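In this note's numbering, the protein residues as written are 2 to 68.
Yeah, the Cβ is synthetic: ideal placement off N, Cα and C, and Gly gets one too.
Everything numeric in this text was worked out from a predicted model, so none of it was measured.
Here is the structure we will look at.
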């Protein structure tokens, strides 16, 4: 399931966010975010399900950890 989303989710925007966050010393946070996204992708049955679960996951995140 995750392979289907890699071209959409792990694309240039995430790469750019990772580079910016890495430059700002947020490497560990970014690694946790990527693992969370990958986990949501594996648990999803469809792309719509993935978007809904990811939205819920982001709502539950601590806003202070965003970069």
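Would you decide whether residue 36 is buried or exposed? Buried here means 16 or more other CB atoms lie within 10 Å of its CB.
exposed
For residue 49 and residue 43, what's the separation of their Cα atoms in angstroms?
13 Å
Could you spell out the range, first to last residue, of the alpha helix (DSSP H) harbouring residue 37?
28-44
From residue 26 to residue 38, what does the alpha carbon distance come to, in whole angstroms?
20 Å
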